[in-house]
Amino acid sequence: MRRVVLAVAVAAAVVVARGAAADDVPYPAQLANLVTGMRAAVLHLPARTPADELLLSGPITRLSAVSVGEGPAPIGVVSRSWEKGLAVDRRYLKAPDGLAGDVDSLLTWWHQDQGRARVRAVAPPDVFKHADDAVEEYNDALLDQAIALVSRRLDRYEVKYGPGSPKLNFVEVLLNTFVQSTKPFRPNHDGPSPNELLLGYSTSWGTVSDDKAQAVSTLEVGWRRYNLDWHAGTARGWSALLRPRYVAGGVAMAEARDGALRWPLNGAADQTTRVGPFLSFGDLKVAYLFGPESRFLVSRQVQLLPNLF
Numbered sequence: 003m004r005r006v007v008l009a010v011a012v013a014a015a016v017v018v019a020r021g022a023a024a025d026d027v028p029y030p031a032q033l034a035n036l037v038t039g040m041r042a043a044v045l046h047l048p049a050r051t052p053a054d055e056l057l058l059s060g061p062i063t064r065l066s067a068v069s070v071g072e073g074p075a076p077i078g079v080v081s082r083s084w085e086k087g088l089a090v091d092r093r094y095l096k097a098p099d100g101l102a103g104d105v106d107s108l109l110t111w112w113h114q115d116q117g118r119a120r121v122r123a124v125a126p127p128d129v130f131k132h133a134d135d136a137v138e139e140y141n142d143a144l145l146d147q148a149i150a151l152v153s154r155r156l157d158r159y160e161v162k163y164g165p166g167s168p169k170l171n172f173v174e175v176l177l178n179t180f181v182q183s184t185k186p187f188r189p190n191h192d193g194p195s196p197n198e199l200l201l202g203y204s205t206s207w208g209t210v211s212d213d214k215a216q217a218v219s220t221l222e223v224g225w226r227r228y229n230l231d232w233h234a235g236t237a238r239g240w241s242a243l244l245r246p247r248y249v250a251g252g253v254a255m256a257e258a259r260d261g262a263l264r265w266p267l268n269g270a271a272d273q274t275t276r277v278g279p280f281l282s283f284g285d286l287k288v289a290y291l292f293g294p295e296s297r298f299l300v301s302r303q304v305q306l307l308p309n310l311f
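First residue of the sequence shown: 3, per the working numbering; consecutive thereafter.
Okay, here's the thing in structure tokens:
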């Protein structure tokens, strides 16, 4: 029964892990133990088939070239500019191309191609146990990574699309659905893209004119970027403002006159439309309009009518 559970776990881990980049191989210490145990076990096979040679000699040779550093990580690792490496605490992993495929080949040979049964029949018990334990240990590590990756993905999708995230109008929904085919907005194995386009009409701005509070309606064009690692309740007060769930910026346009439910482009023909930048730190929004009647505006991220504004 334990083997059945392990086989299911390995299958699930491999399916999820294959969505990651080829250099996302976890736990260098477990990987080194896997290579050592597997190499010792294979040496006890009395004869090897061509398939054995193809599956084992290449992967084991390449995996043997993996180096695990215990000192300070190289600058390429620190800057995240490296292409083939893995930062784990103060350790780092350097590996040749195809490392993930090599590990998959070994695990497939051991579990599905009778490798385990053949080694068990000919190898000394301690050699077989070392290899078997190393395989299980690495499978557990791979499963832990898969679970962590899925959990992180779900958390990030909740930050962008879950309760408390800004509501989009129907134009923004169509626009962002379309741009998901481009790299800056495309989801990847880490989760959704942090980027989002804004194009909407807002009537929730407020300003002060002649000592009176006035509503202002604007057309907003801009860009929103989410902090996908944000967690509710981890920051309060000023810290919440400095580390918001998202930030946004762009251009706001308004009619020359203040007032709610005015069309911002009414003065476009005679160039009286007021235009200026807006910024959003989480739900807090600020803007400044230049034009015949310059204004400083404040607002909160809110949608008064679902799917509209």
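Even for Gly, the Cβ is constructed at its ideal location relative to N, Cα and C.
Exercise. What number of angstroms, rounded off, separates the C-alpha of arginine 226 from the C-alpha of glycine 284?
Worked result: Looking at the two C-alpha atoms, the distance is approximately 10 angstroms.
Problem set entry | glutamine 303 versus histidine 132 - alpha carbon distance | Answer to the nearest angstrom: the Cα atoms are 59 angstroms apart.
Exercise. Cα separation between threonine 275 and proline 266?
Worked result: Each residue's CA atom was taken as its position, placing threonine 275 and proline 266 some 7 angstroms apart.
Exercise. Should alanine 143 and glutamine 32 be called a contact, given that it needs their Cβ atoms to be closer than 8 angstroms?
Worked result: Contact: yes.
Problem set entry | Buried or exposed (CB count within 10 angstroms, at least 16 for buried), proline 168 | So proline 168 counts as buried.
Problem set entry | Cut-off 6 angstroms between Cβ atoms - residues of its own chain near tryptophan 112, not counting five sequence neighbours on either side | The beta carbon of tryptophan 112 lies closer than 6 angstroms to those of Arg118 and Val137 in the same chain, with the five residues before and after it left out.
Exercise. According to the Cβ coordinates, are proline 186 and tyrosine 228 closer than 8 angstroms?
Worked result: Between proline 186 and tyrosine 228, the C-beta gap is not smaller than 8 angstroms, which leaves the two residues out of contact.
Exercise. Does the ligand FAD have a heavy atom nearer than 7 angstroms to the CB of tyrosine 159?
Worked result: Within the structure as shown, the ligand FAD is missing, as the structure has no ligands at all.
Problem set entry | Run of the alpha helix (DSSP H) containing asparagine 178, from where it starts to where it stops | Looking at the DSSP string, the run of the alpha helix (DSSP H) that includes asparagine 178 is 172-181.
Problem set entry | N- and C-terminal bounds of the beta strand (DSSP E) containing serine 282 | From DSSP, the beta strand (DSSP E) with serine 282 extends over 276-283.
Exercise. Based on Cα-Cα distance, which residue from Pro61, Ala49, Thr51 and Leu47 lies nearest to leucine 36?
Worked result: The shortest C-alpha separation from leucine 36 is found at Pro61.
Exercise. What span of residues does the alpha helix (DSSP H) with asparagine 197 cover, start to end?
Worked result: Annotation: asparagine 197 is outside any alpha helix (DSSP H); the continuous beta strand (DSSP E) that includes it extends over 197-211.
Problem set entry | Per-residue DSSP class, three states only, for leucine 306 | Residue state, collapsed to three classes: coil.
Exercise. With a Cβ-Cβ cutoff of 8 angstroms, do alanine 258 and proline 294 count as a contact?
Worked result: With respect to proline 294, alanine 258 sits close: the two C-beta atoms are nearer than 8 angstroms.
Exercise. Beta strand (DSSP E) containing leucine 291: first to last residue?
Worked result: Leucine 291: member of the beta strand (DSSP E) spanning 286-291, first to last residue.
Exercise. Any idea if leucine 263 is buried or exposed, counting beta-carbon neighbours within 10 angstroms, 16 or more meaning buried?
Worked result: Counting the other Cβ atoms within 10 Å of the Cβ of leucine 263 gives fewer than 16, which makes it exposed.
For this session: Following the continuous alpha helix (DSSP H) through tryptophan 225, name the residue where it begins and the one where it ends.
Result: For tryptophan 225, there is no enclosing alpha helix (DSSP H); the enclosing beta strand (DSSP E) covers residues 214-228.
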